[in-house]
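Written below as structure tokens is the structure these notes are about.
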Amino acid sequence: MTSPLHPRATLRPDRDKPVRQRHPWVFSGALARIDDAAEDGGLVDLLSAGGEFLARGYLNRRSQIMIRLLTWDAAEAIDDAFWRGRIGRACAGRVIPPDGAGRLVYSESDGLPGLILDRYGDWLVVQALTLGIETRKQQLARVARELTGARGVFERSDVDVREKEGLAPATGLLAGEEPPAELTFVESAFDDRPLRQIVDLRRGHKTGAYLDQAINRRRVGRWCAALGPGAQCLNAFAYTGAFALHLLAAGAAGVLNIDSSAEALATARRNLELNGFAPNDDDFHCANVFEALRGLRDRARRFDLIVLDPPRLAQSAAHVDRAARAYKDLSMLALKLLRPGGLLATFSCSGQISAELFQKIVFSAALDAGRDAQIVERFTQAPDHPVLLSFPEASYLKGLLLRAG
Ligand code: SAH
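If you're matching positions, the sequence shown starts at 4 in my numbering and goes up one per residue.
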């Protein structure tokens, strides 16, 4: 099969190695020239400096990442069948129960750079992160709906990274029916007990919920159960209380949820009630976690299990040092609040902070807290957020479960 001829982009000499190693990004600095006929958002064939076909992808001259590669096979056409095939293959690789939630398409990791597709029960949520996906989003939403039988596809492209592609935020219905203002999905506890979570697909964080932590919530629940019934827990950066659900299902006597968003905490409370737990007013504290932890320390409060799941503190390489200090402060303060033998689940979702660096940060936190601690488990993002070996940049979430001495 021969594919239609595309305009060409040609690499500078000696810039072909990452492409041959199947890295899907081509930076502007690696390109010698681009045919005038090539349109932003359209397809280009990428050639080596010597004129050899290397790969095919879509172009955006406004982005530092000028080309995102889709195929390394000259005979593979980027047509309807291509997109359907890639989305279908990604969906087939997921294990998500019908009433559950999970990521169906994770961008580069699924050979679909710029496309995020999450399922919440009968509904799909799309993020179009690049111009190449933006120009095709209606078509891709229709295909996704056909493949999954979803009732509707809602767009949540209200993310800052789109600026780098010259795109404004965009939200709204892309295909099928409007989703309801609020829906619930099931996220099973460590013992498979179903826990229901409320999600607002229009206004919730990310595509509605933090699906990347689903597997870690189950694991932390198991550790809580292992402590025995009656554990006193602290859920810092609680959002809508997803970790709290798992801790209570595992037999915790109480969970103090701290978040700076009163609205998120109100949903957290409803989530706990929805699952038959009976929270008190004292279980929700709307505050800055950094200050709240100091306050708890000053009042000599102690906990058996603490979850620290802050937002991304290092937005870019320039913020790594400052973020490292913040991660260290959080873990240090939390370790001081743990009873002997208590557990700390501490996370970072900053791609700029490696798992190795995070461990060093947590070590220095333990030194400053004056507590010995063992690593009893390492966490990473849920398996529906896979990482291509050729694209390790997709790995961003790391966490440690520590047992304090
Ligand atoms: N653990 C949650 C996700 C946490 S997302 C889950 O499993 O679903 C991070 C949360 O931190 C958001 O809800 C945000 O409102 C909150 N947040 C951000 N900065 C904060 C701060 N300095 N103090 C308290 N909460 C903060």
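Think of the CB as a built atom: it goes at the ideal place given N, C-alpha and C, for glycine as much as any other residue.
With a threshold of 16 other CB atoms inside 10 Å of the CB of residue i, please say whether the residue is buried or exposed.
{"i": "L176", "result": "exposed"}
{"i": "F293", "result": "exposed"}
{"i": "R15", "result": "exposed"}
{"i": "F188", "result": "buried"}
{"i": "P282", "result": "buried"}
{"i": "Q384", "result": "buried"}
{"i": "V98", "result": "exposed"}
{"i": "T5", "result": "Any answer about T5 is weak, because its pLDDT of 48 lies below 50 and its placement is not dependable; what the coordinates show is given next. Burial call: exposed."}
{"i": "Q130", "result": "buried"}
{"i": "V22", "result": "buried"}
{"i": "P116", "result": "buried"}
{"i": "K20", "result": "exposed"}
{"i": "K363", "result": "exposed"}
{"i": "R220", "result": "buried"}
{"i": "A77", "result": "exposed"}
{"i": "E166", "result": "exposed"}
{"i": "S66", "result": "buried"}
{"i": "L392", "result": "exposed"}
{"i": "Q216", "result": "buried"}
{"i": "C370", "result": "The residue you asked about is not Cys; residue 370 is Leu in the sequence shown. By the neighbour-count rule (16 or more Cβ atoms within 10 Å), L370 is not buried but exposed."}
{"i": "S160", "result": "buried"}
{"i": "V164", "result": "exposed"}
{"i": "A95", "result": "exposed"}
Cα-Cα, which of the options is closest to residue i?
{"i": "D286", "options": "D332, C236, A317", "result": "C236"}
{"i": "L340", "options": "L311, A317, A171", "result": "L311"}
{"i": "L250", "options": "R222, T270, L370, E266", "result": "R222"}
{"i": "E396", "options": "A358, R18, A241", "result": "A358"}
{"i": "L403", "options": "V379, F394, L391", "result": "V379"}
{"i": "L275", "options": "G257, A265, S264", "result": "G257"}
{"i": "R315", "options": "A327, S353, L360, A337", "result": "S353"}
{"i": "M335", "options": "Q318, V365, P313", "result": "V365"}
{"i": "A255", "options": "I218, F246, R159, R199", "result": "F246"}
{"i": "D387", "options": "G54, S110, A80", "result": "S110"}
{"i": "A112", "options": "Y123, I70, A93, R196", "result": "The question names Ala, yet the displayed sequence has Ser at residue 112. Out of Y123, I70, A93, R196, A93 has the C-alpha closest to the C-alpha of S112."}
{"i": "S264", "options": "A329, A295, H288", "result": "H288"}
{"i": "F85", "options": "G298, G114, S351, D324", "result": "G114"}
{"i": "L333", "options": "A368, R225, D324", "result": "A368"}
{"i": "R406", "options": "F394, R374, L400, F382", "result": "R374"}
{"i": "R2", "options": "D43, D38, A372", "result": "One cannot answer for residue 2 here, as it falls past the ends of the chain, which runs 4 to 408."}
Less than 7 Å between the CB of residue i and some heavy atom of the ligand SAH, yes or no?
{"i": "T349", "result": "no"}
{"i": "T243", "result": "yes"}
{"i": "D262", "result": "yes"}
{"i": "Y330", "result": "no"}
{"i": "Q216", "result": "yes"}
{"i": "D409", "result": "The displayed coordinates of the chain run from 4 to 408. Any statement about residue 409 would go beyond what the structure contains."}
{"i": "A267", "result": "yes"}
{"i": "H208", "result": "yes"}
{"i": "V189", "result": "no"}
{"i": "Y213", "result": "yes"}
{"i": "R64", "result": "no"}
{"i": "Y106", "result": "Note on identity: in this sequence residue 106 is Arg, with Tyr being the wrong assignment. Outside the cutoff, so no."}
{"i": "F193", "result": "no"}
{"i": "V128", "result": "no"}
{"i": "R220", "result": "yes"}
{"i": "F366", "result": "no"}
{"i": "F428", "result": "The structure shown has nothing for residue 428, since the chain only spans 4 to 408."}
{"i": "V292", "result": "yes"}
{"i": "F246", "result": "yes"}
{"i": "F3", "result": "Because the chain is modelled from 4 through 408, residue 3 falls outside the range shown and cannot be assessed."}
Does residue i come out as helix, strand or coil in the three-state DSSP assignment?
{"i": "T151", "result": "helix"}
{"i": "H208", "result": "strand"}
{"i": "F240", "result": "coil"}
{"i": "D48", "result": "strand"}
{"i": "R25", "result": "coil"}
{"i": "R225", "result": "helix"}
{"i": "M4", "result": "With a pLDDT of only 44 at M4, under 50, the local geometry of the prediction cannot be trusted, and the value read off the model is given with reservation. Here M4 sits in coil by DSSP."}
{"i": "R302", "result": "coil"}
{"i": "G135", "result": "helix"}
{"i": "E190", "result": "strand"}
{"i": "R122", "result": "strand"}
{"i": "I364", "result": "helix"}
{"i": "K140", "result": "helix"}
{"i": "C352", "result": "coil"}
{"i": "L316", "result": "coil"}
{"i": "H9", "result": "coil"}
{"i": "F394", "result": "coil"}
{"i": "S31", "result": "helix"}
Answer with yes or no whether the minimum CB distance from residue i to chain B is below 8 Å.
{"i": "S31", "result": "Among the chains in the structure shown there is no chain B, since it carries only a single protein chain."}
Here's a check: name, in chain order, each residue in its chain whose Cβ is nearer than 7 Å to the Cβ of residue i, leaving out the five neighbours to either side.
{"i": "D2", "result": "Lying outside 4 to 408, the shown extent of the chain, residue 2 is not represented and no answer is given."}
Go through its chain and collect everything with a Cβ distance to residue i's Cβ below 6 Å, but skip five positions before and after it.
{"i": "R87", "result": "V146"}
{"i": "S398", "result": "V390"}
For residue i, which residues from the same chain have a beta carbon less than 8 Å from its beta carbon, with the 5 sequence-adjacent residues on both sides left out?
{"i": "A184", "result": "D203, R205"}
{"i": "A144", "result": "L127, V129, V156, E158, L177, A178"}
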